[in-house]
Amino acid sequence: MPAVTYELIKTDKRTRARRGRVTTPHGVIETPVFMPVGTAATVKAMRTEEVKELGAEIILSNTYHLYLRPGHEIVKAAGGLHKFMNWDRPILTDSGGFQVFSLGAMRKIREEGVEFRSHIDGSKHMLSPEKSMEVQNALGSDIIMAFDECAPYPADRKYVKDSLERTTRWLKRCKEYHKNTENQSLFGIMQGGMYVDLRKESAKQIVDLDLPGYAIGGLSVGEPKEIMYEVMDECVDELPREKARYLMGVGSPDCLFEGVERGIDMFDCVLPTRIARHGMAMTSQGRINIKNAKHEKDFSPLDPNCDCYTCRNYSRAYLRHLFKADEILSSMLMTNHNLHFLVKTMENIRKSIEEDRFLEYKKEFYDAYGRF
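Under the numbering used here, think of the first position of the sequence shown as 91, with each following residue one higher.
In structure tokens:
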């Protein structure tokens, strides 16, 4: 029995949307779900208690960053990532693959792995499938991701084909090295760029390894959203119906709805926390830029339809003041709101699937939110 299991509870009658449940050693995750990102063992500007209070059931942390600082040995000595960061609910760690491939000239890809220089101090490191598993095993996260190569956009067909085949070979090495199967489950990652036939080829290769869950990687890397949706239309159903499906790095409201409609269960993205620190809020009436002068004397909440801590206690005028004064509290309150907004939206999506009104809820949301 794998450490992490997926239960399909209900499917939407008119779309591929699904209502499910992921069970892990640290608790149950109701899906579809948005996972707040805690890159360096912290969701930026948030205490773990606050992240719990807004309803988040799982967070994501970053293997690359935790390997470099403070080091996985220190996290392990602290009793694992859950104890280190005081979070007793499920954690997913990515493999570090996307981060090292984003380093550009600072890294070299070989069959063994990726040689790279730290963005912190320039020191040289090698991250391989085995090293990624070693680090993630030490971190103790519930779901660990396979070390993959994320092809850039655009990329020619030969590069993408070579890349996905290397990703499959690396996945096999990850599976062989990963021994802590009673406490952690390894998810594989589909690659293949924007080439639908290569996506299907990648899916077949990784599904043959019979893992507890699968992710779609290499999307939302600069391509137009329409292309991303077209690729998902063709490739999501190549992943097993009875396993969790995870779309990596996607978190804008429209992408969440479109992903759910195509059968995705899990999402993550830094978008809500990043834009919060720049004074941007997601609301039921669309995005709000708190920097705008029109909010200077507006004593209403960010979102009249929101019951988050920020909206219950503070006005747009106060939030604008905090941002203009460069106060840390600005990031804290805006982040609280944005994460609450996405967690609540996913809760409403789950309810709409249960009630067979997903498309109606999607239309209501889009009509109110306006332009994305």
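All C-beta atoms, glycine included, are put in the ideal place defined by N, C-alpha and C.
Host beta strand (DSSP E) of R109 (start-end) | Numbered from its first residue, the sequence shown carries residue 109 at position 19. Run containing R109: 108-114, per the beta strand (DSSP E) assignment.
Q | Contiguous beta strand (DSSP E) assignments of at least 3 residues, all confined to the segment 323-406 | A | 334-337, 356-358, 370-373, 376-379
L346 to R109, Cα distance in whole Å? Within the sequence shown, numbered from 1, the residue matching residue 346 stands at position 256. Within the sequence shown, numbered from 1, the residue matching residue 109 stands at position 19. Between L346 and R109, the C-alpha separation is close to 14 Å.
Note to self: Could you tell me the alpha carbon to alpha carbon distance between D238 and A371, rounded to whole angstroms?
What the structure shows: In the sequence shown, residue 238 corresponds to position 148, counting from 1. In the sequence shown, residue 371 corresponds to position 281, counting from 1. Looking at the two C-alpha atoms, the distance is approximately 33 Å.
**Asked** Run through DSSP, which three-state label would L182 get?
**Response** Translated into the one-based positions of the sequence shown, residue 182 becomes position 92. Note: L182 maps to strand in three-state DSSP.
Does the contact criterion of 3 or more C-beta pairs under 8 Å hold for the segment 194-201 versus the segment 148-159?
no
*Going along the chain, which unbroken runs of the alpha helix (DSSP H) with 4 or more residues stay wholly within the segment 406-438?*
406-414
Quiz prompt | H268, enclosing beta strand (DSSP E) - first and last residue | solution = Mapped onto the sequence shown, residue 268 falls at position 178. No beta strand (DSSP E) holds H268; DSSP gives it neither H nor E.
_For E437 and L409, I'd like the C-alpha separation in whole angstroms._
Residue mapping note: residue 437 aligns to position 347 of the sequence shown, counting from 1. Residue mapping note: residue 409 aligns to position 319 of the sequence shown, counting from 1. Cα-Cα distance, rounded: 26 Å.
Provide the residue(s) that pair with L150 in DSSP beta bridges, ordered along the chain. Counted from its first residue, the sequence shown places residue 150 at position 60. Looking at the DSSP assignment, L150 forms a beta bridge with V127, L182.
- Message: Between the alpha carbons of D67 and I306, how many angstroms are there, rounded?
- Response: With the chain running from 91 to 462 in the structure shown, residue 67 is simply not present.
### Query
Cβ atoms of D393 and A407: under 8 Å apart, would you say?
Taking the first residue of the sequence shown as 1, we reach residue 407 at position 317. Taking the first residue of the sequence shown as 1, we reach residue 393 at position 303. For A407 and D393, no; Cβs fall outside 8 Å.
Give the range of the alpha helix (DSSP H) segment to which T138 is assigned. Here residue 138 refers to the residue found at position 48 of the sequence shown. Unbroken alpha helix (DSSP H) run through T138: 138-143.
Residues of its chain near E220, where Cβ-Cβ distance is below 6 Å and the 5 sequence neighbours each way are ignored: Indexing the sequence shown from 1 puts residue 220 at position 130. So the qualifying residues of the chain are Y267.
C-alpha distance - A131 paired with I378, whole-angstrom precision: Taking the sequence shown and counting its residues from 1, the one referred to as residue 131 is at position 41. Taking the sequence shown and counting its residues from 1, the one referred to as residue 378 is at position 288. Going from the Cα of A131 to the Cα of I378 covers about 28 Å.
task: For K333, count neighbouring C-beta atoms within 10 Å of its own C-beta (all shown protein chains included) and say buried if the count is 16 or more, exposed if not.
output: Your numbering for residue 333 matches position 243 in the sequence shown. Buried: at least 16 other Cβ atoms inside 10 Å.
task: Look at the Cβ atom of A241, then the Cβ atom of G278, and state whether they are nearer than 8 Å.
output: For the purposes of this step, residue 241 is identified with residue 151 of the sequence shown, where counting begins at 1. For the purposes of this step, residue 278 is identified with residue 188 of the sequence shown, where counting begins at 1. No, these two residues do not count as a Cβ contact at 8 Å.
Quiz item: So what does DSSP say about F206, is it helix, strand or coil?
Solution: On the sequence shown, residue 206 is found 116 positions in, with the first residue counted as 1. Residue state, collapsed to three classes: strand.
What did DSSP end up calling V286 once you bin it into helix, strand or coil? Against the sequence shown, residue 286 aligns to sequence position 196. Residue state, collapsed to three classes: helix.
Should E351 go down as buried or exposed, given a rule of 16 or more other Cβ atoms within 10 Å for buried?
On the sequence shown, position 261 is the one that residue 351 refers to. Classification of E351: buried, given that the 10 Å Cβ count is 16 or more.
Pair within 8 Å by beta-carbon distance, I149 and W177: Sequence index remark: in the sequence shown, residue 149 carries index 59 (1-based). Sequence index remark: in the sequence shown, residue 177 carries index 87 (1-based). In contact: I149 and W177 (Cβ atoms closer than 8 Å).
- Can you say whether M482 is buried or exposed, counting buried as having 16 or more other CB atoms within 10 angstroms of its CB? Because the chain in this structure spans residues 91 to 462, residue 482 falls outside the shown range and cannot be described.
Bridge partners for G278 per DSSP, in chain order? On the sequence shown, position 188 is the one that residue 278 refers to. Partner(s): Y304.
In whole angstroms, give me the CA-to-CA distance for D446 and D327.
Counting from 1 along the sequence shown, the entry for residue 446 is found at position 356. Counting from 1 along the sequence shown, the entry for residue 327 is found at position 237. So the alpha carbons of these two residues sit roughly 21 Å apart.
Exercise. What is the residue span of the beta strand (DSSP E) that Y96 lies within?
Worked result: In the sequence shown, residue 96 corresponds to position 6, counting from 1. Start and end: 95-101.
Specify, as a first and last residue, the run of the alpha helix (DSSP H) that V190 falls within.
-> For the purposes of this step, residue 190 is identified with residue 100 of the sequence shown, where counting begins at 1. Looking at the DSSP string, the run of the alpha helix (DSSP H) that includes V190 is 187-191.
As a quick exercise: from G353, R461, L254, pick the residue whose alpha carbon is nearest that of R289.
As a first step, residue 289 is located in the sequence shown; it is residue number 199 there, counting from the start. R289 has its Cα closest to that of L254, out of G353, R461, L254.
Give me the Cα-Cα distance between M136 and T129, rounded to the nearest whole angstrom. Locating residue 136 in the sequence shown gives position 46, where the first residue counts as 1. Locating residue 129 in the sequence shown gives position 39, where the first residue counts as 1. About 12 Å.
Can you look up L229 in the DSSP assignment and give me helix, strand or coil? Residue 229 sits at position 139 when you count from the first residue of the sequence shown. Here L229 sits in helix by DSSP.
Would you be able to state if there are at least three C-beta pairs under 8 Å between the segment 418-431 and the segment 395-405?
-> yes
| message | Using 8 Å as the threshold, is the C-beta distance between E348 and Y319 below it? | response | Mapped onto the sequence shown, residue 348 falls at position 258. Mapped onto the sequence shown, residue 319 falls at position 229. Yes, these two residues count as a Cβ contact at 8 Å.
Less than 8 Å between C-beta atoms, sequence neighbours within five positions excluded: which residues of the same chain meet that for A458?
Here residue 458 corresponds to residue number 368 of the sequence shown, with the count starting at 1. Result list for A458: S374, Q375, G376, in chain order.
### Query
Leaving out five residues before and five after D102 in sequence, what residues of the same chain have Cβ atoms less than 6 Å from its Cβ?
Within the sequence shown, residue 102 is the residue found at index 12, counting from 1. Contacts found: I443, F448.
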